[in-house]
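The structure appears right after this line, and notes come after that.
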Amino acid sequence: MRKSKDVKTGVDQDGILNVNQSFTFDVRELKTAQITLQVVARGVLGIEEALGHINPLCVLNLLEEQNDRKDVETKWYDLYSKGGNRLMPGKLQMQIVVGMAEPEQTISAFVGTWNVGNARPPADLSPWLPTDAFFEIIAIGAQECDYPPRAPFTECSKDWTHTLKSHFGDRYKLVHATSRGQMRLVVFVRDDAEKAISEVDSDSEATGVGNVIANKGAVCIAFKFWDTGLCFVNCHLAAHVGQCETRNSNFKQIAMSMKVGLDSMDLLSQFHHIFWLGDLNYRLDFGKLDPQGLTPDRSFWATIVKQIHQNRWKELLKYDELRKEKGASRVLAGFKEGEITFPPTFKMQRDYSDHYDQKRMPAWCDRVLWKTLQGCHSYLISYFSAPSILTSDHKPVGATYKLTSYALPSSTLIPDGSDEDDKRWHIRFTSLRAKKLRASDINGFSDPFVSFVGPNLLQEFCSKVKHQTLNPVWNPLQELPTLVLSTFPLQRVDKEYLLVRVLDHDSDEDALGYGVIPLGQAVACFKKGVTEVAHFKVNLSHHGLPAGTLEGGMKLTWEKNVIKSKGFAGEFVSRGTSIKDSLKKKIFVRRHSPR
C-alpha cells in the first residue's frame with residue numbers, strides 16, 4: 001500500500017467533510033481480495049473513536065464492473081458498526097479505480113502550445129491538434145487566451161476547455177485544467193488509460209509587474225501515470241527584443257517558486273518526464289546587423305522575411321536567443337528540443353498563413369522542450385507548427401513523444417520471511433564528493449552537507465557538514481549515513497531514484513543544488529556480487545541552472561534495519577504529492593508477483 005501525504009480538510013456548504021487523500025494497493029490474489037475501510041476520529045487527547053466501516057468490497061467484482069463501462073464513478077458508501085449490524089450516521093464518498101498494467105510500457109504524448117492572441121479560436125483545430133485517439137496523454141498550453149466566451153459559458157477558461165474537449169471527443173477524459181491570468185493549461189487522458197492517473201497536483205507563478213501581475217508567468221500540472229511522474233509547465237515569458245536576460249530571470253523564478261510534488265525538492269529534479277512549453281518569447285538576436293529596437297529596420301526585416309519564404313531557417317536559427325542561452329547553460333539546462341523544421345511562429349498578420357507583421361522581427365517564440373531522468377527513456381516523434389491556423393499573431397506548435405512508463409510492485413510488498421528480522425535494502429556509500437558548488441557565504445565559500453530525501457527512504461538522511469569549501473569530500477565511514485529504503489521488491493528498487501539536496505549549513509540550509517541518483521546500477525552490481533560497487537556522477541542544478549556535480553560509489557545491501565523501526569505510520573512513506581482537486585480513493589490492481 002502507498003498513501004499520499006495528508007492535505008487540508010474542510011467542510012463544504014452541504015456539511016460534507018472533504019478529505020483529499022489517495023491510496024494505492026497491489027493485490028496478490030485477485031479472486032479473494034477484498035477492500036475494507038474504517039473511518040476513525042481522533043479527539044483532542046489523541047483518543048481514537050471508530051465512526052464506522054464499509055462492507056467489504058470484492059476487488060474482482062469491481063474490476064468486472066469497470067470493464068463494462070467507460071467512466072469511473074464516484075459513489076457514497078454506508079458506514080456500519082463493528083459487528084455490521086447497525087447503520088452508523090454519515091456516509092463515505094470514494095472513487096475506486098481498479099486496473100491492470102504492464103510493469104513497463106511505452107505511452108504516447110501530444111504536447112501543444114499556442115498564444116491565442118486574445119481572439120476566439122477557429123472552429124477547426126485539426127491542423128494543430130490530433131483528430132484520432134492515438135495518444136494516451138494530451139497536454140495543451142495557451143497564452144493570451146482571453147476572449148469573449150461563447151454561450152452558455154461566462155468564463156473564457158471554461159469556453160477554452162470545452163473547445164478542446166469537443167475537439168478530442170468522448171475518448172478523452174479531463175485530468176485537470178488550471179489557469180492564471182491569460183495562461184491556461186489543460187491535460188487529457190485517453191479513456192482506457194484513465195485508471196493510470198493519480199496524485200494530480202498544480203501550481204502557478206506570476207512574473208509580471210511586482211511578480212504579482214499574471215500577464216506573464218507559468219502554470220503547471222503534475223501527476224502520476226501508474227508509477228511514472230509527469231509534469232507540464234506552460235509559461236509566458238517577458239516580451240520584446242533586448243529582454244533576453246529578463247526572460248532568463250523569469251525562467252529561474254518559475255523553477256524556484258513552483259511547488260508541485262515533493263516540497264523538499266525543486267520542480268526540475270523529481271519527475272521522470274517534464275515538459276516546458278509556451279510562448280518563451282526568445283527572439284532572433286542579430287547584434288549590430290539590426291540595432292535592438294522595438295520596431296525593426298524595414299529593409300532588414302524584408303531581407304529576413306525573404307529568407308524565411310526561401311526555407312533558409314537554419315541560417316536564421318544561428319541567431320536564435322534560446323539556442324544561445326541554452327547552449328551557455330543560462331536557461332533550461334538539461335532540457336532537449338527537437339529540430340526546428342518550420343518557419344518562425346511570430347509575429348504573423350492575422351488571417352494569413354505566411355504573412356509577417358512589419359512591427360516586429362519574426363522569431364520562434366513558441367517552443368516545446370523536455371527533460372527525462374537518467375535511466376528512463378523518451379523519444380521525440382515530431383515537432384511542427386500549424387500555419388493554417390489564422391486567428392492569432394502566433395502560430396500553434398505541437399510535439400509528439402514516446403515515453404517509458406512504469407507500473408511497479410507496491411513498495412511495501414515484503415519478501416516471504418524477511419519481515420521477521422526487519423530486513424531492508426540499504427545504500428552504503430564507499431565514496432562521495434562534490435565539485436564546483438555555488439558559494440553561499442560572503443567569503444566565497446559554503447558549508448555544504450548532503451540531504452537524501454524522498455518517498456523511497458524510511459526517513460531523511462544527512463551527511464556531516466564540511467566547512468568552508470566548494471569541493472567537499474566526505475569520509476564514507478565517519479561522515480556519511482547508511483540509507484534505509486522503504487521499498488522492498490528488488491524490481492522496484494531497480495527503477496527508483498535517490499533524491500539529493502546539497503545544502504549550506506550556515507544560511508538557514510540554503511539549497512546549493514539538487515540532483516537525482518538512479519539506483520539501477522546499484523541493483524545490477526548487487527546481482528553480480530556483494531563486493532561490487534556502483535559508481536555514479538550526477539549534475540546538480542539550482543533553479544534550472546548548473547550548480548556543480550556530485551559523484552561517488554555505493555553498494556546495495558540486504559540486511560537488518562540499522563535504524564529503529566518507526567512503527568506502522570513510518571512504514572508508509574508518501575509516494576509524492578497529494579490530490580488537491582478531486583476526492584479520490586484509488587485502488588490499482590497490478591499484474592505482479594512479489595520478489
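Take the sequence shown: its letters are residues 1 to 595, numbered as in our numbering.
Just so it is clear, CB atoms sit at the ideal spot from N, CA and C, and this is done for glycine as well.
Whose CA, out of the options, lies closest to the CA of residue i?
i      : options                           : result
Thr178 : Tyr172, Lys464 and Ala139         : Ala139
Gln270 : Glu496, Phe286, Lys158 and Ala33  : Glu496
Thr549 : Gly515, Pro89 and Asp366          : Gly515
Asn248 : Ala363, Phe488, Thr106 and Ser329 : Ser329
Ser264 : Thr557, Thr341, Gln374 and Leu503 : Leu503
Thr597 : Asp421, Leu164 and Tyr80          : What the structure shows of the chain is the stretch from 1 to 595, and residue 597 is not part of that stretch, so it cannot be assessed.
Asp351 : Pro121, Val111, Gln95 and Gln38   : Pro121
Gly112 : Thr106, Asn118 and Ser126         : Ser126
Asn443 : His467, Leu432 and Phe452         : His467
Leu437 : Asn539, Ala524 and Ser392         : Asn539
His167 : His176, Glu245, Gly141 and Pro130 : Pro130
Phe346 : Leu332, Phe488, Ser353 and Pro362 : Pro362
Val500 : Arg42, Leu268, Glu136 and Phe526  : Leu268
Tyr77  : Glu48, Lys259, Asp447 and Gln95   : Gln95
Lys422 : Leu57, Gly553 and Phe488          : Just to set this straight, residue 422 is Asp in the shown sequence, not Lys. Among Leu57, Gly553 and Phe488, the Cα nearest to that of Asp422 belongs to Phe488.
Ile137 : Ala196, Ser157, Asn55 and Leu432  : Ala196
Ala119 : Ala142, Phe110 and Asp320         : Ala142
Thr430 : Pro396, Gln478, Asn311 and Ile304 : Gln478
Trp114 : Leu403, Phe251, Glu339 and His394 : His394
Asn85  : Leu92, Asn55 and Lys75            : Asn55
Going by the beta-carbon positions, is the gap between residue i and residue j smaller than 7 Å?
i      : j      : result
Leu408 : Arg323 : no
Val116 : Glu155 : no
Arg283 : Val241 : yes
Ser541 : Ala534 : no
Leu490 : Asn456 : no
Ala33  : Val59  : yes
Ile517 : Leu545 : no
Leu483 : Trp474 : no
Trp313 : Gln358 : no
Pro343 : Ile308 : yes
Asp279 : Cys376 : no
Cys462 : Phe449 : yes
Glu325 : Leu369 : no
Asp192 : Cys220 : no
Trp226 : Ser353 : no
Lys537 : Glu559 : no
Ala222 : Val186 : no
Thr598 : Gly217 : Outside the shown range of the chain (1 to 595) lies residue 598, about which nothing can therefore be said.
Trp637 : Arg184 : An answer regarding residue 637 cannot be provided, because it is not within the stretch 1 to 595 covered by the chain.
His505 : Asp441 : no
His543 : Lys252 : yes
Thr246 : Ala239 : no
Ser378 : His273 : yes
Just checking my contact of residue i with residue j at CB under 8 Å: how many whole Å lie between their CB atoms?
i      : j      : result
Ser108 : Tyr401 : 7 Å
Ile254 : Cys235 : 6 Å
Tyr172 : Phe153 : Their Cβ separation, rounded to whole angstroms, is 19 Å, which puts Tyr172 and Phe153 out of contact at 8 Å.
Leu380 : Ala399 : 7 Å
His426 : Val530 : Incorrect: roughly 12 Å between the Cβ atoms, too far for contact.
Asp494 : Leu519 : 7 Å
Gly90  : Leu51  : 7 Å
Leu332 : Trp276 : 6 Å
Val39  : Glu48  : 11 Å between Cβ atoms; not a contact.
Go ahead and pull the three-state DSSP assignment for residue i.
i      : result
Asp279 : strand
Asp124 : coil
Val533 : coil
Ile308 : helix
Leu60  : helix
Asn443 : coil
Phe168 : helix
Lys252 : helix
Cys358 : Here residue 358 is Gln; the residue named in the question, Cys, does not match the sequence. Three-state result, Gln358: coil.
His162 : helix
Lys560 : strand
Gln596 : For the chain, the structure presents residues 1 to 595; residue 596 sits outside this window and is missing.
Thr469 : coil
Ser157 : helix
Leu545 : strand
Thr303 : helix
Leu316 : helix
Glu49  : strand
Could you check whether the Cβ of residue i sits closer than 7 Å to any Cβ belonging to chain D?
i      : result
Leu289 : Of the protein chains in the structure, only one exists, and it is not chain D.
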